[in-house]
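Numbering (this note's numbering), first residue to last: 6 to 139. These notes concern the structure reproduced below.
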């Protein structure tokens, strides 16, 4: 169960809740009715053909949420002008952004990655002992 036993007395997820699907037939049926889709592309971009298949199979689409990697916006080509992995992610995001504009659905991008440095200071016992206490 996607939402856990506490949310479903019958032991199945309710039809109005988000559902996990697998297999090409089930995915096709789910996309046909989907109003929102979450794409996870934090290590490799969604191939252009796959993006077209997903969007073409979702006629009721209102929003796409993309889980991507931090630093993609600033990514440039790699050494010797070869594409870097981050640059390929950026190109994939640009294709999705263009599709959102053309087809009229909303797009939200969530950036993931390790945060480095900064922070409020040293914490001891749940309290900030150096730095700024909020």
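Here a beta-carbon is modelled for each residue, glycine too, at the ideal position from N, C-alpha and C. A quick note: this is a predicted structure, and the numbers were derived from the prediction, not measured.
May I ask which residues mark the beginning and end of the alpha helix (DSSP H) holding residue 113? To locate residue 113, count along the chain shown from 1; it is residue 108. Not the alpha helix (DSSP H): residue 113 falls in the beta strand (DSSP E), residues 111 to 117.
Do you know how far the Cα of residue 69 is from the Cα of residue 32? Translated into the one-based positions of the chain shown, residue 32 becomes position 27. Translated into the one-based positions of the chain shown, residue 69 becomes position 64. Approximately 16 angstroms between the Cα atoms of the pair.
Give the C-beta separation of residue 98 and residue 77 to the nearest angstrom, bearing in mind that I take them to be a contact with Cβ-Cβ under 8 angstroms. Working through the chain shown from its first residue, we reach residue 98 at position 93. Working through the chain shown from its first residue, we reach residue 77 at position 72. So it is a contact: roughly 6 angstroms between Cβ atoms.
Give the C-beta separation of residue 42 and residue 59 to the nearest angstrom, bearing in mind that I take them to be a contact with Cβ-Cβ under 8 angstroms. In the chain shown, the residue the question calls residue 42 occupies position 37. In the chain shown, the residue the question calls residue 59 occupies position 54. So it is a contact: roughly 7 angstroms between Cβ atoms.
Work out the CA separation of residue 75 and residue 29 for me, nearest whole Å. Along the chain shown, read from residue 1 onward, the residue named residue 29 stands at position 24. Along the chain shown, read from residue 1 onward, the residue named residue 75 stands at position 70. Using only the alpha carbons, I get a separation of about 31 angstroms.
Alpha carbon to alpha carbon, how far is residue 130 from residue 105? Give it in angstroms, no decimals. Working through the chain shown from its first residue, we reach residue 105 at position 100. Working through the chain shown from its first residue, we reach residue 130 at position 125. One C-alpha to the other measures close to 47 angstroms.
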